[in-house]
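Below is one structure; the comments refer to it alone.
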Amino acid sequence: MEKKQAKSRRRVEMRRMNSEEDRLVSFSKRKSGIYKKATELSTLCSAEVGIVIFSPNGKPFSLGHPCMETITNKLLSENHTPCDANQNFLEAYRRVKLTELHQNYKEACKQMKTAKEQEKQIKKKCMVRSKGWWEEPVTELDMDGVRRRADLIQMLHNNVQLQINKIQAMASSSSLSSNTQAVGHGH
């Protein structure tokens, strides 16, 4: 009998995975591993660490100790003195990439802030809508909305009229029975 080795311990060939689901699972696990190693490096060595990762879907993830903004600001403001022409080229490339990453990070933060503001607005609208459809202003409705509102009002009117008829019928039957009893006691 052959022993099967656990998938997590097998050596993985370094090539792009065909299955999108496998790629996303692997990305998530490996991202967690990188974060763990970076945190260990920071804790054990008192190092300042910054990592920016973009998922296969383009979503940015970052880890920074003490914080990502401090790391990127520090990298962008340091003056390095390169040794040779290759070093100059690499330094220029590094700066361009870091500036680009810093801008992407700021844009992602801005988008997150906008999304949070939109979420607040949606929650606010949901709270307003929880009052009842009859309290919402008609001026904010389109033609279909006005028609639906008219249908709802008609249904409400019909239900109210039905209830009035029931109450009147009950009242008239109870007054008839009390009149009958009163007449019966009079004989």
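Heads up: the sequence shown at position 103 corresponds to 87 in this note's numbering, and the numbers run straight through without jumps. Heads up, the beta-carbon is just placed ideally off N, CA and C, and yes, glycines get one too.
- Buried is the label assigned to Val33, since at least 16 other Cβ atoms lie within 10 Å of its Cβ.
- By the 16-neighbour rule on beta-carbons within 10 angstroms, Thr27 is exposed.
- Contact between Ile37 and Ala22 does not hold, since their C-beta atoms are separated by about 11 angstroms, which reaches or exceeds 8 angstroms.
- DSSP places Gly116 in no beta strand (DSSP E); its state is neither H nor E.
- In the three-state reduction of the DSSP assignment, Gly129 falls in the helix class, which pools H, G and I.
- Looking at the DSSP output, Ile148 bridges to nothing.
- With 16 or more other Cβ atoms from the protein chains shown falling within 10 Å of its own Cβ, Leu85 counts as buried.
- According to DSSP, Leu47 shares a beta bridge with Ile35.
- Around the Cβ of Ser158, a 10 Å sphere holds fewer than 16 other Cβ atoms; the residue is exposed.
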